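Order-wise, the sequence lines are chains A and B.
Be aware that the first sequence starts at 40, since it is given in my numbering, and climbs by one per residue.
Be aware that the second sequence starts at 40, since it is given in my numbering, and climbs by one per residue.
Note that the Cβ used here is the ideal one computed from N, Cα and C, for glycine as well.
Since this is a predicted model, take the numbers as computed values, not measurements.
Number of protein chains: 2
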Amino acid sequence: MSLLVVGTVAFDAIETPFQKTEKIIGGSGTYIGLSASFFYKPIHLVSIVGSDFPTETLQYFNRKGIDTEGVEVKKGKKSFFWSGKYHMDMNSRDTLVTDLNVLAEFDPVLPEKYSNPEFVMLGNIDPHLQIKVIQQLRKRPKLIAMDTMNFWMDQTPEALKEVLTMVDLLIVNDEEARQLSGEYSLIKAARVIQKMGPKQIVIKKGEHGALLFQGATVFFAPALPLEEVFDPTGAGDVFAGGFMGYLSSTNNRSFTNMKRAVVYGSAMASFCVEKFGPQRLTEIRRPTIQKRVSEFVDLAKFNI
Amino acid sequence: MSLLVVGTVAFDAIETPFQKTEKIIGGSGTYIGLSASFFYKPIHLVSIVGSDFPTETLQYFNRKGIDTEGVEVKKGKKSFFWSGKYHMDMNSRDTLVTDLNVLAEFDPVLPEKYSNPEFVMLGNIDPHLQIKVIQQLRKRPKLIAMDTMNFWMDQTPEALKEVLTMVDLLIVNDEEARQLSGEYSLIKAARVIQKMGPKQIVIKKGEHGALLFQGATVFFAPALPLEEVFDPTGAGDVFAGGFMGYLSSTNNRSFTNMKRAVVYGSAMASFCVEKFGPQRLTEIRRPTIQKRVSEFVDLAKFNI
Chain A
40 MSLLVVGTVA
50 FDAIETPFQK
60 TEKIIGGSGT
70 YIGLSASFFY
80 KPIHLVSIVG
90 SDFPTETLQY
100 FNRKGIDTEG
110 VEVKKGKKSF
120 FWSGKYHMDM
130 NSRDTLVTDL
140 NVLAEFDPVL
150 PEKYSNPEFV
160 MLGNIDPHLQ
170 IKVIQQLRKR
180 PKLIAMDTMN
190 FWMDQTPEAL
200 KEVLTMVDLL
210 IVNDEEARQL
220 SGEYSLIKAA
230 RVIQKMGPKQ
240 IVIKKGEHGA
250 LLFQGATVFF
260 APALPLEEVF
270 DPTGAGDVFA
280 GGFMGYLSST
290 NNRSFTNMKR
300 AVVYGSAMAS
310 FCVEKFGPQR
320 LTEIRRPTIQ
330 KRVSEFVDLA
340 KFNI
Chain B
40 MSLLVVGTVA
50 FDAIETPFQK
60 TEKIIGGSGT
70 YIGLSASFFY
80 KPIHLVSIVG
90 SDFPTETLQY
100 FNRKGIDTEG
110 VEVKKGKKSF
120 FWSGKYHMDM
130 NSRDTLVTDL
140 NVLAEFDPVL
150 PEKYSNPEFV
160 MLGNIDPHLQ
170 IKVIQQLRKR
180 PKLIAMDTMN
190 FWMDQTPEAL
200 KEVLTMVDLL
210 IVNDEEARQL
220 SGEYSLIKAA
230 RVIQKMGPKQ
240 IVIKKGEHGA
250 LLFQGATVFF
260 APALPLEEVF
270 DPTGAGDVFA
280 GGFMGYLSST
290 NNRSFTNMKR
300 AVVYGSAMAS
310 FCVEKFGPQR
320 LTEIRRPTIQ
330 KRVSEFVDLA
340 KFNI
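Quick look at the structure:
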């Protein structure tokens with residue numbers, strides 16, 4: 040029993056209208072792993088870093104139940120670095136720097152103990168690598184979920200199409216769903232994407248909540264209206280981590296349980312945006328999360 | 040017992056990326072009244088039209104339980120006319136023509152039987168006129184709700200501030216709430232607006248649902264994800280009409296009941312956008328509405 044997480048472990052430098060950071064820890068694998076670790080252990084993390092990446096951070100991951108045997112450390116090389124600047128509305132951003140560094144050589148090899156997970160979350164990386172990970176699995180997991188982004192739709196559309204046929208669930212945001220499907224209506228977009236492979240689709244709409252599709256059934260999950268979004272970096276990955284962590288911990292793929300998982304994912308994302316980078320994830324505890332989930336219940340509850 | 044509705048009864052010409060209309064019936068009073076008429080009778084409508092306005096339409100209103108004694112017919116004058124063109128995303132539009140015509144002379148005088156309503160919905164008109172209507176009420180209604188728009192915030196800010204102190208509930212969209220409050224966060228915006236007068240605020244977010252605020256309590260209502268939005272004209276007014284019609288029919292201003300009213304309003308709006316102008320409102324029946332409301336229940340239901 041394990042949750043396999045593939046994604047980047049990296050450095051980010053973030054600028055918002057309010058403040059800016061120096062290099063801080065980031066990467067989709069970091070956010071997904073930390074978020075999922077509140078719900079489920081062990082998490083088997085597959086990634087790559089340079090020798091500039093702090094050992095203490097990997098040790099911190101381990102203490103959180105994140106196994107880092109699958110995180111390759113490239114001696115004498117630098118970790119992936121991304122720098123971005125958010126616009127005033129916090130909904131859009133400009134990428135200032137993308138230094139691939141070790142990511143250019145990423146060739147994920149699953150350690151033996153990683154090869155039989157029950158749940159798999161493929162973070163947003165080159166779809167060729169997502170395929171490579173799936174091909175190393177010894178048996179079909181209960182659920183394979185993946186994220187992707189516009190870059191791969193433009194650059195590697197064939198590989199993206201192929202990996203979509205291999206997964207059960209796609210987690211993307213509204214703009215990505217629109218680009219991937221060529222449909223503006225999210226209902227139509229989901230239907231088109233379902234034909235590409237994944238039976239279930241989560242479309243994240245940021246402050247407007249999220250939609251979960253399975254067949255013709257839809258669930259509309261609210262987002263907590265926030266006074267302030269301090270830093271949106273990683274919120275989508277934290278959503279995915281909470282979602283997959285909750286699913287893994289309950290070991291239940293029913294639509295009813297997936298709806299709960301969307302709410303847990305949304306709750307985790309609502310914490311993430313409260314501080315820079317993954318900072319808030321290092322502060323919260325399980326009761327804080329449970330309290331936040333209750334707020335979601337109260338927020339959306341009505342009876343006719 | 041009555042629901043007093045003040046708003047325009049007018050002609051619209053609408054162009055969408057898909058189709059365009061000649062002059063059709065429109066106006067906030069039309070949309071609010073027709074929508075509310077599914078829930079509650081009598082509706083006392085206050086408006087003004089020219090002699091070009093079809094008598095059959097006013098008779099149709101009467102058959103729907105909308106009293107039109109308060110609709111002044113100006114002989115030899117033309118009705119208010121608005122023409123607009125929607126952009127591809129259907130979320131924004133350009134106004135092509137605004138012919139005020141009789142609206143420039145609108146000076147609402149309530150017929151005697153209109154002067155003691157239990158519920159009042161002030162559609163989006165000059166706040167001076169909204170004040171004038173309130174001043175003619177013989178006693179304090181159970182609930183006075185109002186709509187407004189950016190135009191009045193720019194042109195008549197003082198009158199708008201005054202009428203806001205006289206009402207219980209404000210229904211606006213997200214952009215209007217932001218402009219009125221000067222706050223981007225809708226949570227902060229609602230708090231600022233509450234200090235201006237209305238204890239309750241509904242912020243409509245179109246395809247992203249609606250938020251209902253009362254004190255520090257928030258309700259997040261979903262919107263039905265639609266395959267196609269054919270014509271958004273009037274959807275906001277139809278929301279308000281369904282909301283106020285439902286509240287009037289249940290005669291219950293509790294927050295729990297207001298949440299239901301938001302769902303009924305959202306259901307009504309989801310019909311409105313399916314065809315041009317108010318067309319769809321002339322086709323649906325109460326069981327169709329109840330079925331749509333059940334879809335909202337299913338859409339948003341989860342248990343933790």
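Cβ-based burial, residue i [other Cβ within 10 Å; buried from 16]
{"i": "M127 of chain B", "result": "exposed"}
{"i": "Q239 of chain B", "result": "buried"}
{"i": "R324 of chain A", "result": "exposed"}
{"i": "V136 of chain A", "result": "exposed"}
{"i": "I164 of chain B", "result": "buried"}
{"i": "S131 of chain A", "result": "exposed"}
{"i": "M185 of chain A", "result": "buried"}
{"i": "F282 of chain A", "result": "buried"}
{"i": "V148 of chain B", "result": "exposed"}
{"i": "D146 of chain B", "result": "exposed"}
{"i": "G284 of chain B", "result": "buried"}
{"i": "M40 of chain B", "result": "exposed"}
{"i": "G280 of chain A", "result": "buried"}
CB contact check: residue i to chain A, cutoff 8 angstroms
{"i": "F278 of chain B", "result": "no"}
{"i": "L250 of chain B", "result": "yes"}
{"i": "P261 of chain B", "result": "yes"}
{"i": "K124 of chain B", "result": "no"}
{"i": "V211 of chain B", "result": "no"}
{"i": "V257 of chain B", "result": "yes"}
{"i": "V44 of chain B", "result": "no"}
{"i": "V336 of chain B", "result": "yes"}
{"i": "V302 of chain B", "result": "yes"}
{"i": "V88 of chain B", "result": "no"}
{"i": "V231 of chain B", "result": "no"}
{"i": "D270 of chain B", "result": "no"}
{"i": "T207 of chain B", "result": "Correcting the residue type first, residue 207 of chain B is Asp in the shown sequence and not Thr. It does not: the Cβ of D207 of chain B has no partner Cβ on chain A nearer than 8 angstroms."}
Chain A residues whose Cβ lies nearer than 7 angstroms to that of residue i
{"i": "K227 of chain B", "result": "E266"}
Which residues DSSP lists as bridging residue i, in chain order
{"i": "S122 of chain B", "result": "B:A52, B:V136"}
{"i": "M185 of chain A", "result": "A:L161, A:L209"}
{"i": "V88 of chain A", "result": "A:V112"}
{"i": "V44 of chain A", "result": "A:L84, A:M160"}
{"i": "K238 of chain B", "result": "Its beta-bridge partners do not exist; DSSP assigns none."}
{"i": "L250 of chain A", "result": "A:I242, A:F259"}
{"i": "I232 of chain A", "result": "Per DSSP, none; premise fails for I232 of chain A."}
{"i": "D106 of chain B", "result": "B:H83"}
{"i": "K59 of chain B", "result": "B:E54"}
Sub-8 angstroms separation of residue i and residue j beta-carbons
{"i": "G123 of chain A", "j": "T47 of chain A", "result": "no"}
{"i": "L219 of chain A", "j": "P237 of chain A", "result": "no"}
{"i": "Y125 of chain B", "j": "P264 of chain B", "result": "no"}
{"i": "I64 of chain B", "j": "T96 of chain B", "result": "yes"}
{"i": "L251 of chain B", "j": "V301 of chain B", "result": "yes"}
{"i": "S305 of chain A", "j": "F335 of chain A", "result": "yes"}
{"i": "S67 of chain A", "j": "D337 of chain A", "result": "no"}
{"i": "L42 of chain A", "j": "S287 of chain A", "result": "yes"}
{"i": "K62 of chain B", "j": "G89 of chain B", "result": "no"}
{"i": "D51 of chain B", "j": "G316 of chain B", "result": "yes"}
{"i": "A178 of chain A", "j": "M235 of chain A", "result": "A quick correction: the sequence has Lys, not Ala, at residue 178 of chain A. Going by C-beta atoms, K178 of chain A is not nearer than 8 angstroms to M235 of chain A."}
{"i": "F104 of chain A", "j": "Y153 of chain A", "result": "According to the sequence provided, residue 104 of chain A is Gly. The question's Phe does not apply to it. Not in contact: G104 of chain A and Y153 of chain A (Cβ atoms no closer than 8 angstroms)."}
{"i": "S118 of chain A", "j": "N101 of chain A", "result": "no"}
Contact with chain B by residue i, beta-carbon distance below 8 angstroms
{"i": "F341 of chain A", "result": "yes"}
{"i": "Y223 of chain A", "result": "yes"}
{"i": "V332 of chain A", "result": "yes"}
Proximal chain B residues relative to residue i, where beta-carbon distance stays under 7 angstroms
{"i": "V241 of chain A", "result": "Correct list: empty, because the minimum Cβ distance to chain B is about 13 angstroms."}
9 angstroms Cβ cut-off: residues of chain A touching residue i
{"i": "R299 of chain B", "result": "F341, N342, I343"}
{"i": "S91 of chain B", "result": "Sequence check: residue 91 of chain B is Asp here, not Ser. In chain order: nothing, as chain A lies at least about 37 angstroms away."}
{"i": "D128 of chain B", "result": "Y223"}
Contacts that residue i makes with chain B (C-beta to C-beta distance below 8 angstroms)
{"i": "K244 of chain A", "result": "H247"}
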